[in-house]
Amino acid sequence: MMQSMLSTRTLASRRPFNGQILQVRVDTIQLGDHAPVEREIVEHPGSIVLVPVTERSTVLLVRQWRHPVREALLEAPAGHIDPGEAPEAAAQRELQEETGFRAARLLKLSEFWIAPGWCTEYMYAYLATGLSPSRLAQDVDEDVQVVETALAEIPELIRTGVLKDNKSISALLIAAHIYRDQLSDPTKRSA
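Residue numbers 3 to 193, in the numbering used here, belong to the letters of the sequence shown in order.
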């Protein structure tokens with residue numbers, strides 16, 4: 003009888019690359035009673051994404067150059083979690099670095115794997131409200147432009163491909179669901 007492919011054994015593991023933020027691991031695994039296969043895995047420390055909503059029911063997005071796709075993308079503020087850093091602390095730090103604001107309240111919207119077929123990156127999504135000015139220096143490899151967008155415009159920006167970054171789309175759609183009454187009736191505003 004064939005063993006389930008859900009029963010997996012790691013036979014060998016090696017790390018051909020160790021970078022500043024991520025590592026690459028190659029595992030030789032056996033799925034059930036099938037022949038061994040290799041899996042290339044990007045190891046990542048984890049990350050956060052934020053949906054900062056102002057008192058005017060606008061969202062602070064960022065536009066930044068993404069070299070791998072050779073495009074300036076409109077995104078929700080996001081970043082990696084430093085070793086030993088709590089996700090909430092990373093969220094506040096990234097919010098200050100990328101937008102120049104600090105949140106009085108962070109509400110966890112969700113948490114999810116980014117690409118579980120080949121990457122260990124686990125992301126935490128937060129709604130940030132009660133924003134007040136508080137800037138931290140941007141990372142040396144960042145050049146970020148803050149773009150304030152009406153909350154009601156987010157679904158159309160996603161539909162038309164103006165927003166095409168998966169983590170941003172996920173977090174923004176969850177936040178839009180929370181604020182759905184405001185999208186249909188702008189008189190119901192409370193951030």
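For each residue, glycine too, the CB sits at the ideal point set by N, CA and C.
Residue j beta carbon less than 7 angstroms from that of residue i
i: Ile-51; j: Ala-78; result: The amino acid at residue 51 is misidentified as Ile; the sequence shows Val. Contact: yes.
i: Ala-93; j: Leu-108; result: yes
i: Arg-182; j: Ser-136; result: no
i: Leu-97; j: Ala-127; result: no
Nearest-angstrom Cα separation, counted from residue j out to residue i
i: Leu-76; j: Val-64; result: 6 angstroms
i: Phe-114; j: Glu-123; result: 9 angstroms
i: Leu-24; j: His-46; result: 5 angstroms
i: Ile-43; j: Trp-120; result: 5 angstroms
i: Leu-174; j: Arg-16; result: 37 angstroms
i: Gln-66; j: Leu-133; result: 21 angstroms
i: Gly-21; j: Glu-155; result: 38 angstroms
i: Asp-167; j: Pro-18; result: 28 angstroms
i: Arg-41; j: Ile-116; result: 17 angstroms
i: Thr-162; j: Thr-60; result: 19 angstroms
i: Leu-138; j: Ala-74; result: 22 angstroms
i: Ile-176; j: Val-55; result: 13 angstroms
Nonlocal neighbours in the same chain, by C-beta distance under 7 angstroms from residue i, ignoring five residues either side
i: Thr-12; result: Asp-29, Ile-31
i: Ser-49; result: Ala-80, Gly-81, His-82, Ile-83, Glu-123, Met-125
i: Ile-171; result: Ile-160, Leu-165
i: Arg-95; result: Leu-138
i: Asp-145; result: Gln-66, Trp-67
DSSP bridge partner residues for residue i (one or two, in chain order)
i: Gly-119; result: Answer is none; Gly-119 lacks a bridge partner.
i: His-82; result: Ser-49
i: Pro-135; result: Phe-103
i: Leu-63; result: Val-149
i: Thr-30; result: Ala-14, Glu-40
Contacting residues, own chain, Cβ-Cβ under 6 angstroms from residue i (five flanking each side not counted)
i: Ala-106; result: Gly-132
Beta-carbon contacts of residue i that lie in its chain and below 8 angstroms, excluding the five residues immediately before and after
i: Leu-185; result: Confidence is the limiting factor: at Leu-185 the pLDDT is only 47, short of 50, which leaves the residue's position unreliable and the question unanswerable from this model.
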